[in-house]
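Chains as they are written, first to last, in the working numbering: chain A, 1 to 153; chain B, 1001 to 1153.
Even for Gly, the Cβ is constructed at its ideal location relative to N, Cα and C.
There are 2 protein chains.
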Amino acid sequence: MPRMKIGDLARATGVDLETVRYYERIKLLSAPKRLPNGYRAYSEHHLERLAFIRHCRALDMPLADIRLLLDFMAEPPGDCSAVNRAVDAQLDRVRARLKSLRALEKQLTALRSQCRRPRGRRECGILHELVAAAHAEACACHAGGPSTRASRD
Amino acid sequence: MPRMKIGDLARATGVDLETVRYYERIKLLSAPKRLPNGYRAYSEHHLERLAFIRHCRALDMPLADIRLLLDFMAEPPGDCSAVNRAVDAQLDRVRARLKSLRALEKQLTALRSQCRRPRGRRECGILHELVAAAHAEACACHAGGPSTRASRD
DNA sequence: TCAAAACCCCGTAGCAACTACGGGGTCAAG
DNA sequence: CTTGACCCCGTAGTTGCTACGGGGTTTTGA
Chain A
1 MPRMKIGDLA RATGVDLETV RYYERIKLLS APKRLPNGYR AYSEHHLERL AFIRHCRALD
61 MPLADIRLLL DFMAEPPGDC SAVNRAVDAQ LDRVRARLKS LRALEKQLTA LRSQCRRPRG
121 RRECGILHEL VAAAHAEACA CHAGGPSTRA SRD
Chain B
1001 MPRMKIGDLA RATGVDLETV RYYERIKLLS APKRLPNGYR AYSEHHLERL AFIRHCRALD
1061 MPLADIRLLL DFMAEPPGDC SAVNRAVDAQ LDRVRARLKS LRALEKQLTA LRSQCRRPRG
1121 RRECGILHEL VAAAHAEACA CHAGGPSTRA SRD
């Protein structure tokens, strides 16, 4: 199937059609040849490249990093430390995010347990908890230090 | 400290100053009184509300949900099921994200182990792996089924 | 045979939640 | 009296798409 239209390519890779055009716009995917009617005609090359992008995106890598990998693959020389760095960076991001999400889950679970069944506004344990926590964290009396901030990604 | 300028409020809550103005623009935070020179003059009320928002954001709740909670607190009647729903939804989101991130970490760790030290482009295990995985996943021969797609959040 | 459905084109605007920029006014300290 | 820290405003940029509007083309099937 050497001459795919955009819909074929999209179906083959599982990437949304609009997203394919978007990748072309930001030059992540090179502009394909056109059929006489103006339709895009993709080759095997595009299919592979897009599949690669899609796979990296499934690993949640930012497009900038993916671009790096693709550039790296394109140029002949060099060692692969840039690749390693990209993967490491991604792994770091994922681990940091995991850490903060685990903490988050704990907090939310605790919060949720404050109110097992719907009650009136005044008695809602969750709201009380939220207000109290917010107050404790940030009330003017003991705030102002450079970082009372919780870790955010 | 009943008359804070925007910088004071920002410091007291740990929220960036531009973000405070942003919250005002989108009407999450009500517009404060102004001093004769045009400076914003915030009250205790704003401090509490902003601290509440900040706390909810630390729980990664979307602003729309936070708005819901604030609205709920403002109006006298009603039971708190909307609050519960918001927290539940957030918990669901967090758990789903955790799940996908755990899978991600595994994949990335495996990927990383393919290349322990920098090598030439041609021998880089990571690149090989990525290309192979992408190819296996999405090559035209067995793609086209409605969902070969990995679960994305 | 011809009309409806499905596909393709393009450019632009919208989403979340900020962040940054540019260009200017105000205020306290040295 | 100037330097620096603070404040004002509006707008545009970020990331990775997704949606919209308004048009052309190709395929299908009655």
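Each of Ser1043/B, Lys1099/B, Ala1089/B, Lys1106/B was checked against the Cα of Leu111/A, and the nearest Cα belongs to Ala1089/B.
Rounded to the nearest angstrom, the Cβ distance from Cys80/A to Cys1124/B is 4 Å, consistent with a contact under 8 Å. According to the DSSP assignment, Lys99/A belongs to the alpha helix (DSSP H) that extends over 81 to 112. DSSP links Lys1027/B through a beta bridge to no other residue. Within chain B, the C-beta atoms nearer than 8 Å to that of Leu98/A come from Leu1098, Leu1101, Arg1102, Glu1105, in chain order.
Chain B places no beta carbon closer than 8 Å to that of His128/A, leaving this residue out of the contacts. The Cβ neighbour count for Ile26/A, taken over all protein chains shown within 10 Å, is under 16; the residue is labelled exposed. Proximity of chain A to Leu1108/B at the Cβ level (cut-off 8 Å) is accounted for by Leu59, Val87, Gln90, Leu91, Val94, in chain order.
When DSSP states are grouped into helix, strand and coil, Arg40/A belongs to the strand group.
Around the beta carbon of Tyr39/A, a 10 Å sphere encloses fewer than 16 other beta carbons of the protein chains shown; the residue is thus reported as exposed. Every unbroken stretch of the alpha helix (DSSP H) spanning 4 or more residues and falling wholly within the segment 44 to 72 of chain A is given here in chain order: 44 to 58.
Arg21/A is outside the set of residues whose beta carbon lies under 8 Å from a beta carbon in chain B.
Bounds of the alpha helix (DSSP H) holding Leu9/A are 6 to 13. Straight-line spacing of the CA atoms in Glu1024/B and Leu17/A works out to 37 Å. Leaving aside the five residues that flank Ile66/A on each side, the residues in its chain whose CB is nearer than 6 Å to its CB run, in chain order, Ile53, Cys56. Residue pairing for Arg1034/B: DSSP places it in a beta bridge opposite Arg1040/B.
For Arg1034/B, same chain residues with a beta-carbon under 8 Å away, outside a window of 5 residues either side, are Arg1040, Ala1041 in chain order. Ranked by how close their Cα comes to the Cα of Arg11/A, the residues Leu47/A, Asp71/A, Pro36/A, Pro32/A have Leu47/A in first place.
Contact check for Leu104/A and Asp1092/B: beta-carbon distance about 12 Å, past the 8 Å limit, so the pair fails to qualify. Among the residues facing chain A, Asn1084/B is included, as its CB has a counterpart in that chain under 8 Å away. Counting other Cβ atoms within 10 Å of its Cβ, Arg116/A stays below 16 and is therefore classed as exposed.
Among the CB atoms of chain A, none fall inside 8 Å of the CB of Leu1068/B.
Taking a beta-carbon distance threshold of 8 Å, Arg40/A does not count as an interface residue toward chain B. Leu68/A sits away from Leu28/A, with the two beta carbons spaced by 8 Å or more.
Within a 10 Å sphere around the beta-carbon of Pro1032/B sit 16 or more other beta-carbons, which makes this residue buried. Nearest CB-CB separation between Leu111/A and chain B: below the 8 Å threshold. For Val94/A against Leu1098/B, the beta-carbon gap comes to about 11 Å, at or over 8 Å, which does not count as contact.
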